[in-house]
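Enquirer:
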Ligand SMILES: Nc1ncnc2c1ncn2[C@@H]1O[C@H](COP(=O)(O)OP(=O)(O)OP(=O)(O)O)[C@@H](O)[C@H]1O
Ligand SMILES: [Mg+2]
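Chains as they are written, first to last, in the numbering used here: chain L, 1 to 373; chain Z, 1001 to 1315.
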């Protein structure tokens, strides 16, 4: 899901460079020293919980907010002194912000009207028509925004922000107003569309699935800081901090002290074996993150897991059956809950364990990720 | 029967009736009276007219015998328009009033818009203070404020402005500032400005900031954003403010009377003269009736326009 591989020239790696950008509101640090490089024609997602500064960062890129510190360089040009109306960026607002007094057509044409030297009337009309066709809104060209459904408004807003073919497209929670089902379909449509137009895009979302579906790379933000940047796989499989591990997907997090290559954790009956490549300081505090689908579940009576495994026995506290798999909450003897996600196919031969059954949870040491912050 | 009683017992029925009762009592009834007077014949008596309703001996109901002389006079003036030497005193007064009202409205808009815009863009805490300042003149009597203008504009060396000009050496002799159209215009704009600012403010304060940001983001320079977004979206405020200024300005009597010279013809003055010194009540009433009709037409048109066009465009 990255760029078209057949695009002629190789996209530049640091088409957009954000260097130590900071923005403070009164007593809150909305954006705190964010640095980031984004390649040409990349789709990049900013992921983070509410209020972590995603919109503020986007607004600084658009020029609607001035950074207190740091630099923003787009295609070799420092944007600091460039006012919003001269920046080669276009933003799709969280609320769409369509002009209520203009028709769909005029909304999409608005950016083209501002081009200097002026575009010919016929060219504006042609480009508007092409944009409306792209988002399949030709039929509604003459309507006013209030005569459209939420999804239609969203497509108009998208068409409007794409019409000028900006160097940088900024999408602030573009699909937040849609219900889940339409959203999932629209995510792929949107990616196709952006790739067809061939613009570089930063997308803001607080929905991790959306980020993973749409973006080539993801940046995880928390409290104004960019904690980790990577492909969806990297973010999910090798989180670099507790926030990322817990925010992106579900995880089992064990806190303890490192001693002799194992994590001594009050929650777990035995010292936890750590992956061989992890190399935390002895005696230091550390966390281990284990994804639920890496945790194997078997009946307590079955043959114990082999060497190199961390295992514990407990009883089933809760089961969520989700069709393709079930999520088991297993309570260990000390009360700690371990979550295991088990494919339904595993129980082909036997009845699956049910509430109160004694079970064993186990995972291979290399499946855990050691976190030190 | 039962249903009707329930209907009458419901509170909102009576509340809904209140504006209608108000209109009936304070607009429809007086208007009917004026209409009656306008159709009467002037006479030297008290009151100085003969009612168009004549009760003939033996008849149960009065006869209606309207005298259209006053309207005919207005009509004749209209027909004589353009003829040399025609006496067009009423038409001239009409023209003077409409022109002055239009100028007042335009100036109030040009001056009031930045006021309203600035207040609407201020911090929330500052807004109320600024609004208070706009309304502050209302705390003193209207008449007093007009008299204040008279002393400001006084055309002798005692006038405040003339004194300043003389002291600064900008003029050698005091200027004729009072008793002309300019003085009337100044007084009118000054008096009516708050009626333009308040509806404009109420409209502009609701303007969604994000629309302005979206316009800037799409490449619109600030003045372009103003022309293409702010101005069209504040159309309703402009219309409301313009009506609140224009309509009373057409009939304004006090300001032209106090600040204007004898040559400032205004319809309000004409009505005053006919009701007062000229003792021609039917003529005065006929002018008043035409004034209502002339003003109702644009209001109705604007109303229709607003309903057909503005609906939902600005929620
Ligand atoms: N204009 C402002 N004045 C004061 N504080 C602000 C302003 N804009 C944002 N903030 C604060 O900055 C922080 C980051 O806000 P921002 O809008 O960037 O969050 P976000 O990540 O977009 O959140 P969400 O997912 O809810 O949209 C918040 O704590 C917010 O309260
Ligand atoms: Mg936001």
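Beta carbons: idealized from backbone N, C-alpha and C, even for Gly.
The structure presented is a predicted model; accordingly, all values stated were derived computationally and were not measured.
1. So, at 7 Å on beta carbons, what are the nonlocal neighbours of residue 259/L in its own chain, with the 5 sequence-adjacent residues on each side left out?
2. Counting only runs that start and end within the stretch 250-300 of chain L, where is the beta strand (DSSP E) found for 3 or more residues in a row?
3. For a contact meaning CB atoms closer than 7 Å, what does residue 37/L contact in chain Z?
4. Could you say which of 263/L, 269/L, 299/L lies nearest to residue 285/L if we only look at CA atoms?
5. Note down the Cα distance separating residue 195/L from residue 171/L, rounded to an integer number of angstroms.
6. Taking 8 Å as the line, does the beta carbon of residue 53/L fall inside it for any heavy atom of ligand 1?
7. Beta-carbon separation of residue 161/L and residue 1210/Z under 9 Å?
8. For the candidate residues 1230/Z, 1120/Z, 1300/Z, 1163/Z, whose alpha-carbon lies nearest to that of residue 1197/Z?
9. Can you pull out the residues from the stretch 1192-1223 of chain Z whose beta carbon lies closer than 8 Å to at least one beta carbon of chain L?
10. Might you give, ordered along the chain, the residues of its own chain that have their beta carbon closer than 6 Å to the beta carbon of residue 1096/Z, omitting 5 neighbours on each side?
11. Helix, strand or coil, according to DSSP, for residue 19/L in the structure here?
12. Is it a yes or a no for the stretch 1144-1161 of chain Z touching the stretch 1224-1238 of chain Z, going by three-plus beta-carbon pairs under 8 Å?
13. Quick check: the Cα distance between residue 1184/Z and residue 1126/Z, rounded to an integer number of angstroms?
14. So the candidates are 330/L, 339/L, 325/L; which of them puts its Cα closest to the Cα of residue 347/L?
15. Let's test the definition: count the other Cβ atoms within 10 Å of the Cβ of residue 1020/Z and tell me whether it reaches 16, buried, or not, exposed.
16. Determine, using beta carbons only, whether residue 12/L and residue 39/L come nearer to each other than 9 Å.
17. Kindly identify the DSSP beta-bridge partner or partners of residue 45/L.
18. Using DSSP's beta-bridge definition, name the partner residues of residue 1042/Z.
19. Spatial neighbours of residue 1049/Z within its chain, please: CB distance less than 8 Å, with the 5 preceding and 5 following residues excluded, ordered by chain position.
20. Is the CB of residue 154/L under 9 Å away from at least one CB in chain Z?
21. Please list, in chain order, the residues of the stretch 86-99 of chain L that have any C-beta partner in chain Z closer than 7 Å.
22. Would you be able to state if there are at least three C-beta pairs under 8 Å between the stretch 187-206 of chain L and the stretch 26-41 of chain L?
23. Can you list, in chain order, the residues of the stretch 1039-1065 of chain Z whose Cβ is nearer than 8 Å to any Cβ on chain L?
24. Take residue 252/L as the anchor and find which of 148/L, 369/L, 137/L has the nearest alpha-carbon.
25. Compute the Euclidean distance between the alpha carbons of residue 1129/Z and residue 1191/Z, then round it to the nearest angstrom.
26. Check residue 8/L in the structure and name its three-state DSSP category.
27. Out of curiosity, what's the CA-to-CA distance linking residue 269/L and residue 312/L?
28. Can you list the residues of chain Z that residue 409/L reaches, using a CB-CB cut of under 9 Å?
29. By the three-class DSSP mapping on this structure, what secondary structure does residue 153/L have?
30. For the 8 Å Cβ check, are there 3 or more pairs between the stretch 97-105 of chain L and the stretch 137-154 of chain L?
31. Helix, strand or coil: how does DSSP classify residue 314/L here?
32. Under 9 Å, CB to CB, which of the residues in the stretch 1228-1245 of chain Z have a partner in chain L?
33. In three-state DSSP terms, what is residue 241/L?
34. Can at least three beta-carbon pairs, one atom from the stretch 65-79 of chain L and one from the stretch 1199-1209 of chain Z, be found at a separation below 8 Å?
Expert: So, from the listed chains and residues:
1. 282, 283
2. 252-259, 262-264, 285-290, 296-299
3. Under the 7 Å cutoff, chain Z gives no residues; its nearest Cβ is about 23 Å from residue 37/L.
4. 263/L
5. 14 Å
6. yes
7. no
8. 1120/Z
9. 1208, 1210, 1211, 1213, 1214, 1215, 1216, 1217, 1218, 1219, 1220, 1221, 1222
10. 1265, 1266
11. strand
12. no
13. 33 Å
14. 325/L
15. exposed
16. yes
17. 203/L, 218/L
18. 1049/Z
19. 1037, 1040, 1041, 1042, 1043, 1281, 1282
20. no
21. 90, 91, 93, 95, 97, 99
22. yes
23. none
24. 369/L
25. 20 Å
26. Confidence in residue 8/L is poor, its pLDDT being 49 and thus under 50, which makes the residue's placement too unreliable to answer from.
27. 7 Å
28. Residue 409/L lies beyond the stretch modelled for chain L, which goes from 1 to 373, so this question has no answer here.
29. helix
30. yes
31. strand
32. 1228, 1229, 1232, 1233, 1235
33. coil
34. no
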